[in-house]
Amino acid sequence: MFTLTAEGELTSEFDYDNPPFDGVVDEYDLNADHEMFPRDADHLPAWHLASNQRRWRGWRLPEPPPDPDQPTTHQLSRIADVMTKPAEDLDWTRLVLAVTGAGDALAMRLTVEHADGTWSRQWTPIRVESGDADTVRKVRQDMARYGKGTWYNATFTLDSETQNPRAELDYDNPPFDSTWDSTGGVWPVDELLLDDHKQFPRDDERLPAWHPARGEQRQPMPQPDLSSQPEEPLDHSPYNWIKQFMLRLATKSDSSNQLHIRSPWSKVTMVASAAGRNVEMKATVLRPDGTVDSPRVVEYHRGLAERLVEVRRNTARPGRGAWYNATFVIDHSDGELQAEYDYDNPPINVEYPSVLNTHLRDDQQMFPRDREHLPEWHPENIDPPPVLQFDGPRPETDDPLLRLGYAVVDRMPVDDHWWSRITLQITAAADTVRTCVVATFQEDDAPYERYLYLPGLEEACLELRRSMYDPSTGAWYRAIITIERPRLHIKHWYDYEAPPFAGFWGPREWESIQRDHELYPRDPDELPDWHPASAAPE
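Counting from 1, one number per residue, gives the positions in the sequence shown under the UniProt record's numbering.
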């Protein structure tokens, strides 16, 4: 201890016998100190790792002074450094660092409240420097007390006018609860808690009832108490979440820091397109100088998509479904979020158009629309599938698809009348037709399939193909017709692009493909690359 008197005299007092840091000291540091400044055995304190007397001391340091309720000023100063480093370029009024940990695992989230009332958040360990995580982990370890352990959760709040944060420590609730699911990993909580108990053992009366170390007497983990979570500068409605998200997009510039350096802006626009469980977003930011930025939103996709789905659910109309496109705009002049919903046009931001129809069909299940409210372009806006009728006299029909369906069923072997599904695969060009029939049978609840050849289907297949010819797209090369019991609906699928006969061509097939283009010509732009006419000179 060094003392400077009013007269300017410096006095000192040295303690060679008591443990440093009030007994809260890392054993590795003690070993390193003994290597640097070795002591003879008779000068080693009984509590020292290298002392032979330590065995009867229980292999631990003497109990430190009564447990502090708060970290030391030095520890809080180190935490403050961790909190302010990512926000050093920001005009902030408050920083809130939430920490959860057990064993050697640690996760943190830093919430920044800016001077203009907006906020941004940084999750870790995804984007934290290892030194920062080690600093917080060291504070947690140093605060451990024998028999009491250390905290599982902590919240540090630093206001811009204060030097050190205030701390709220939680020794009783489990770490890594559901509020930490966005940190990017599945946490083996039980393993971490058992490891934590080995490092920082607790007396039985201080061990929570939900702790896995209690074995068979263990009680279920409690659900997180959201009321005890640190308050954020806005409520949790999806509209406010979207507004804050857009403000973060508007005020950020290119930076490796997730919190970003803030930039001036005039207007921010985000267009969302949705169908089923798929949501895609694009954003633009208009700057005061007239330039337009297009910030990426993919890193926020999960949280934003969840809020947009919630907005769709809130704005869905019975029998009319949910919107397919939504435009959100914030103008700097008033800072208000304006939203416009489009229920009639197809999704415009589609990353994978090939699966759009699948998403639209899922959407119809999630937000059903009456037939009169389905747009013409919607894949579900089709006439009901044809139905075969076998009860009573067979009705007369001019529908080529129904005629083909009856022809298939009529040609099924008599012994095979107990089929549950018939799938007819057709490939054709000109007047050449190949068919494959797969019948599914149900026996003792175990379905099995049989491949059949049904003669006499060629003319019905050609009639169906002729009836569907379109001068622009031509005629299909492949079709799959399915008949299922008990309703006997006929489902169909047509392929205008893939080569007929699965690409296995001989002289006859090659001639049929060339003649097919004479019988069913199509626009040059609609010809597949493999077609001989697509490479023919003009």
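We treat Cβ as the ideally placed atom computed from N, Cα and C, and that holds for glycine.
Candidates Asp289, Lys198, Ala275, Gly101: which alpha carbon is nearest Val309's? Looking at the Cα atoms, Ala275 is the closest of the given residues.
DSSP state of Met36 mapped onto helix, strand, coil: helix
Identified DSSP bridge partners for Phe328: Met270, Ala339
Limits of the unbroken alpha helix (DSSP H) element including Asn240: Where Asn240 is concerned, the enclosing alpha helix (DSSP H) stretches over 238-251.
Taking Ile21 as the reference, give the member of Thr84, Ala144, Leu95, Gln199 with the closest Cα. Reading off the sequence, residue 21 comes out as Phe, not Ile. For Phe21, the nearest C-alpha among the options comes from Ala144.
Within 10 angstroms of the Cβ of Gly185, are there 16 or more other Cβ atoms? Answer buried if so, exposed if not. In this predicted model, Gly185 has a pLDDT of only 45, less than 50, meaning its place in the structure is not dependable enough to derive any value.
Is the beta carbon of Gln141 sitting closer than 8 Å to the one on Thr135? no
Beta carbon of Lys282, beta carbon of Val292: below 8 Å? no
Alpha carbon to alpha carbon, how far is Tyr341 from Ala133? Give it in angstroms, no decimals. 44 Å
Please state whether DSSP places Asp293 in a helix, a strand or coil. strand
List the whole-angstrom C-beta distance separating Leu90 from Lys243, where the pair is believed to meet the contact cut-off of C-beta under 8 Å. The Cβ separation is near 19 Å, so there is no contact.
Residue range of the alpha helix (DSSP H) that includes Asp196: 189-199
Answer with buried or exposed for Ser467, where buried requires no fewer than 16 other C-beta atoms within 10 angstroms of its C-beta. exposed
Could you have a look at residue 553 and say whether DSSP puts it in helix, strand or coil? There is simply no residue 553 to check, as the chain begins at 1 and stops at 538 in what is shown.
Looking at the unbroken alpha helix (DSSP H) that takes in Pro400, where does it start and where does it end? In the DSSP annotation of this structure, the continuous segment of the alpha helix (DSSP H) that includes Pro400 starts and ends at 400-410.
Where the beta strand (DSSP E) through Glu443 begins and ends: 432-443
Name the residue from Glu396, Arg94, His43, Gly506 whose alpha carbon lies nearest to the alpha carbon of Tyr16. His43
Mind checking whether Pro347 and Ser294 have CB atoms under 8 Å apart? In this structure, Pro347 sits away from Ser294, with a CB-CB distance that is not shorter than 8 Å.
Among the residues of its own chain, which have a CB less than 6 Å from the CB of Leu485, if the five just before and after it don't count? Note that residue 485 is Arg in the sequence shown here, rather than Leu. For Arg485, where only same-chain residues beyond five positions count, the Cβ hits under 6 Å are Ser420.
Beta-carbon spacing of residue 554, Tyr451 below 8 Å: Since the displayed the chain opens at 1 and closes at 538, residue 554 lies outside it and no answer follows.
Let's test the definition: count the other Cβ atoms within 10 Å of the Cβ of Trp47 and tell me whether it reaches 16, buried, or not, exposed. buried
Quick one: what does DSSP say Asp91 is sitting in, helix, strand or coil? coil
Please report the residue range of the alpha helix (DSSP H) in which Ser77 lies. 73-84
Are there 16 or more other CB atoms within 10 angstroms of the CB of His74, so buried, or fewer, so exposed? exposed
Report the rounded CA-to-CA distance for Ser51 versus Gln199, giving the unit in angstroms. 22 Å
Pro368 (DSSP reduced to helix, strand or coil): coil
DSSP three-state call for Trp419: helix, strand or coil? strand
Could you tell me whether any non-hydrogen atom of the ligand NAP is closer than 7 Å to the CB of Arg478? In the structure on display, the ligand NAP does not appear, and there are no ligands present to speak of.
Local conformation of Trp510 per DSSP, three classes: Helix.
State whether the region 207-223 contacts the region 187-194, with contact taken as three or more CB pairs (one from each stretch) at a distance under 8 Å. yes
Taking its Cβ as the centre, do 16 or more other Cβ atoms sit within 10 Å of Ala167, making it buried, or is it exposed? Buried, because 16 or more other Cβ atoms sit within 10 Å of the Cβ of Ala167.
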